[in-house]
Ligand SMILES: Nc1ncnc2c1ncn2[C@@H]1O[C@H](COP(=O)(O)OP(=O)(O)OP(=O)(O)O)[C@@H](O)[C@H]1O
Ligand SMILES: [Mg+2]
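Residue numbers (the numbering used here), protein chains in the order written: chain A, 556 to 866; chain B, 24 to 350.
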């Protein structure tokens, strides 16, 4: 299962370039390869959707990009380039300055993403002051502007409220404000709406989409929701068992998936008004990391596998 | 918040009444108070007269009400053994115990938090591993054994610290302090270590476990992802969340330090209320025992109230009404 060689849009250097990334976990019973030979690019201002079933390695890829892989996990091979510069080898302190400033991250659960003991204003100003050389008062003013920008009513009062005083959707807006507060070039949004009410999900995606367009911020949007991909992403990457199954423009991947796994994935999405009996299910389960078959990782579950897939 | 405080105050009063009942029971049911007061040669009539004078023939609830009334005014009668007001005797001894408990409590808390945070942040460092192993000793050795070991090493063998007593003290008003003289400070070292070691290890292990837990939370990951410095993440965000549950335990620990002081004071012949209590038991000096029980209960209750108030100060989730919700 090799990713297509040319998955980057033509033009100058991509904002982010992941090259042949390999992430390993040394364990007592040998080394687990959690991410194997993953390559993709994200252009400036582009939204790259990323899908794949649970455990496919989406979060791990995000963590590797932002330099927050938790030991013993480590990047064993490959590189992460930001604007052409390798960042996976940077010393901790320089990488820290990139986090929040050039690459930000949004996590799944807005209820637990904010420190319960500090006002949202304090958390925002602290982040601004970490990256910008401005005064306390200016940072606070900026925090209020940001809250207004992410659609929080009465931001000049809300700035002094604590996280528990906000609803889930509002907290995710605060989280987005925090991720955006130093104007990063790339946001890694790891399932930003999974923990939210369905009614709020669309609003948050719209907000993220609008803000990133306005600020020309690129997004790596991890999600399980193909609807979100179709709505917000420019291109989509499909991950399976730590590898990239397929990557391409959303329309192409959705309408003419190349990889049988992607086809299975697309087939399992209910379409409103379509015949329910035609919903397809992929038999079997994703292999465990220590039992990934040779050749294409998907071949044991694939209905179309031929000899070359197995070697 | 006011409602909460009032509720806690009422609970505290109930607790104090329950303890008062126990101490009152001591008076009523352990030995015959008259027997303890008059000599062998008193006649039956004299005894009956005294019994009447002391109100011992009144109905029990009335006697209890009188006991509580007196206790509120700090009157617990005369010590059988010393024939002096119990309150005076206790007030004389209290500074010694409080100084010992406070010094070892503050030491245990400060060192426990510092070591707990250190061992959590440097989880795999050899020093952390060493501290953790060493702390097992602190948890498993009985208090008196630590005291005796210390005495053997520093007083008997090395002869650098006094083996017992409080050293010279200075009087400030009704308070006597050993903190202002060299011999007083020297005398304090070993009892304070003995008394605080167990609490130190307990607090350290608790802080470490709690800190490791907090470091795994999403808001810490998010704080890192925003590029905050390690210092800001560890000490600004993680530590405060770590200390929240520690407040309760630490409060209880300081209470139990005062209670545990009995053993330490006995080992070091420290002239505090713990030693007074042990002696009182030996001589069945009921008024002293009763007053001691009430005093310890009062200290626990006050500490608990302070802990509750601290929670309000630290945790906004308790402080702020949930007015802004529902968007
Ligand atoms: N500390 C670890 N030790 C061993 N394996 C790990 C560790 N952390 C993650 N993994 C493995 O890495 C793989 C990828 O995990 P990851 O969290 O990236 O999945 P994901 O695609 O984000 O899934 P989800 O949709 O559930 O969030 C999983 O199979 C997981 O078991
Ligand atoms: Mg994930």
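All residues carry an ideal CB built from backbone N, CA and C; glycine is no exception.
Around the C-beta of residue i, are 16 or more other C-beta atoms found within 10 angstroms, so that it is buried, or is it exposed?
i, result
"residue 771/A", "exposed"
"residue 777/A", "buried"
"residue 293/B", "buried"
"residue 175/B", "exposed"
"residue 160/B", "exposed"
"residue 345/B", "At residue 345/B, the pLDDT of 43 sits below 50, so the modelled position is not reliable and the matter cannot be decided from this model."
"residue 866/A", "exposed"
"residue 595/A", "buried"
"residue 24/B", "exposed"
"residue 201/B", "buried"
"residue 639/A", "exposed"
"residue 276/B", "buried"
"residue 818/A", "buried"
"residue 752/A", "exposed"
"residue 80/B", "exposed"
"residue 129/B", "exposed"
"residue 710/A", "buried"
"residue 873/A", "There is simply no residue 873/A to check, as chain A begins at 556 and stops at 866 in what is shown."
"residue 153/B", "exposed"
"residue 798/A", "buried"
"residue 156/B", "exposed"
"residue 29/B", "exposed"
"residue 310/B", "buried"
Return yes when at least one heavy atom of ligand 1 lies under 6 Å from the C-beta of residue i, else no.
i, result
"residue 868/A", "Summary: the structure shown does not reach residue 868/A, with chain A confined to residues 556 through 866, and so no result is reported for it."
"residue 610/A", "yes"
"residue 844/A", "yes"
"residue 589/A", "yes"
"residue 595/A", "no"
"residue 580/A", "yes"
What three-state label does DSSP hand residue i in the structure shown?
i, result
"residue 705/A", "coil"
"residue 657/A", "coil"
"residue 203/B", "coil"
"residue 867/A", "A question about residue 867/A goes unanswered here, because the residues of chain A that appear run from 556 up to 866."
"residue 579/A", "strand"
"residue 588/A", "strand"
"residue 859/A", "coil"
"residue 558/A", "Its pLDDT being 46, under 50, residue 558/A is placed unreliably by the model, and nothing is read from it."
"residue 638/A", "coil"
"residue 662/A", "coil"
"residue 50/B", "helix"
"residue 605/A", "strand"
"residue 570/A", "coil"
"residue 348/B", "Confidence at residue 348/B is low in this model, with a pLDDT of 43, below 50, so the placement of that residue should be treated as unreliable; the coordinate-derived value is given next. In the structure shown, residue 348/B sits in coil (DSSP, three-state: anything other than H, G, I, E or B)."
"residue 837/A", "coil"
"residue 689/A", "coil"
"residue 253/B", "helix"
What I want to know is whether the C-beta of residue i ends up closer than 6 Å to one or more non-hydrogen atoms of ligand 4.
i, result
"residue 244/B", "Within the structure as shown, ligand 4 is missing, the only ligands being ligand 1 and ligand 2."
Flag residue i as yes when its Cβ comes closer than 6 Å to any non-hydrogen atom of ligand 2, and as no otherwise.
i, result
"residue 613/A", "yes"
Is there at least one Cβ from chain C nearer than 7 Å to residue i's Cβ?
i, result
"residue 242/B", "The question asks about chain C, but that chain is absent: this structure's protein chains are A and B."
Continuous alpha helix (DSSP H) assignments of at least 4 residues falling wholly in the stretch 282-316 of chain B | Correct list: 296-305.
Scan the stretch 108-188 of chain B and note each continuous alpha helix (DSSP H) run of 4 residues or more that stays entirely inside, going in chain order.
-> Secondary structure remark: continuous alpha helix (DSSP H) runs of at least 4 residues inside the stretch 108-188 of chain B, in chain order: 109-144, 149-163 and 166-173.
Pull out every residue of the stretch 758-790 of chain A whose Cβ sits closer than 9 Å to any Cβ of chain B, in chain order.
-> Closer than 9 Å at the C-beta level to chain B, one finds no residue of the stretch 758-790 of chain A.
Residues within the stretch 797-826 of chain A neighbouring chain B, beta-carbon criterion of under 9 Å = Of all residues in the stretch 797-826 of chain A, none has a C-beta nearer than 9 Å to a C-beta of chain B.
Tell me the start and end of each unbroken alpha helix (DSSP H) in the stretch 715-800 of chain A that is at least 4 residues and wholly inside, in chain order.
-> Runs found: 723-735, 753-770 and 781-787.
Anything in the stretch 321-340 of chain B with a Cβ closer than 8 Å to a Cβ of chain A? List those residues in chain order, please.
-> Those residues of the stretch 321-340 of chain B that come within reach of chain A (Cβ to Cβ, closer than 8 Å) are 337, 338, 339 and 340.
Under 8 Å (Cβ pairs) to chain B, residues found in the stretch 643-654 of chain A = Correct list: 651, 652, 653 and 654.
Going along the chain, which residues of the stretch 668-689 of chain A sit with their C-beta nearer than 9 Å to a C-beta in chain B?
-> Within the stretch 668-689 of chain A, the residues whose Cβ lies closer than 9 Å to some Cβ of chain B are 668, 669, 670, 671, 672, 673, 674, 678, 681, 682, 685 and 686, listed in chain order.
Scan the stretch 613-624 of chain A for residues whose Cβ lies nearer than 7 Å to a Cβ of chain B and list them as they occur along the chain.
-> Going along the stretch 613-624 of chain A in chain order, one finds 621 and 623 with a Cβ nearer than 7 Å to chain B.
With 9 Å as the C-beta to C-beta threshold (strictly closer), list the residues of the stretch 730-743 of chain A near chain B in chain order.
-> Within the stretch 730-743 of chain A, the residues whose Cβ lies closer than 9 Å to some Cβ of chain B are 730, 733, 734, 736, 737 and 743, listed in chain order.
In chain order, what residues of the stretch 136-149 of chain B put their CB closer than 7 Å to some CB of chain A?
-> In summary, no residue of the stretch 136-149 of chain B has a CB separated from any CB of chain A by less than 7 Å.
The stretch 591-603 of chain A: which residues have C-beta closer than 9 Å to a C-beta of chain B, in chain order?
-> Cβ proximity to chain B below 9 Å picks out nothing from the stretch 591-603 of chain A.
Anything in the stretch 244-259 of chain B with a Cβ closer than 9 Å to a Cβ of chain A? List those residues in chain order, please.
-> Cβ contacts with chain A come from 244, 245, 246, 247, 248, 249, 250, 251, 252, 253, 255 and 259.
Give the residues from the stretch 262-287 of chain B that approach chain A closer than 8 Å (Cβ to any Cβ), ordered along the chain.
-> For the stretch 262-287 of chain B, which is checked against every Cβ of chain A, the residues closer than 8 Å are 263, 264 and 267.
Report the residues of the stretch 711-726 of chain A with a CB closer than 9 Å to any CB of chain B, ordered along the chain.
-> Against chain B - using a Cβ distance shorter than 9 Å - the residues of the stretch 711-726 of chain A are 712, 713, 716, 717, 718, 719, 720, 721, 722, 724 and 725.
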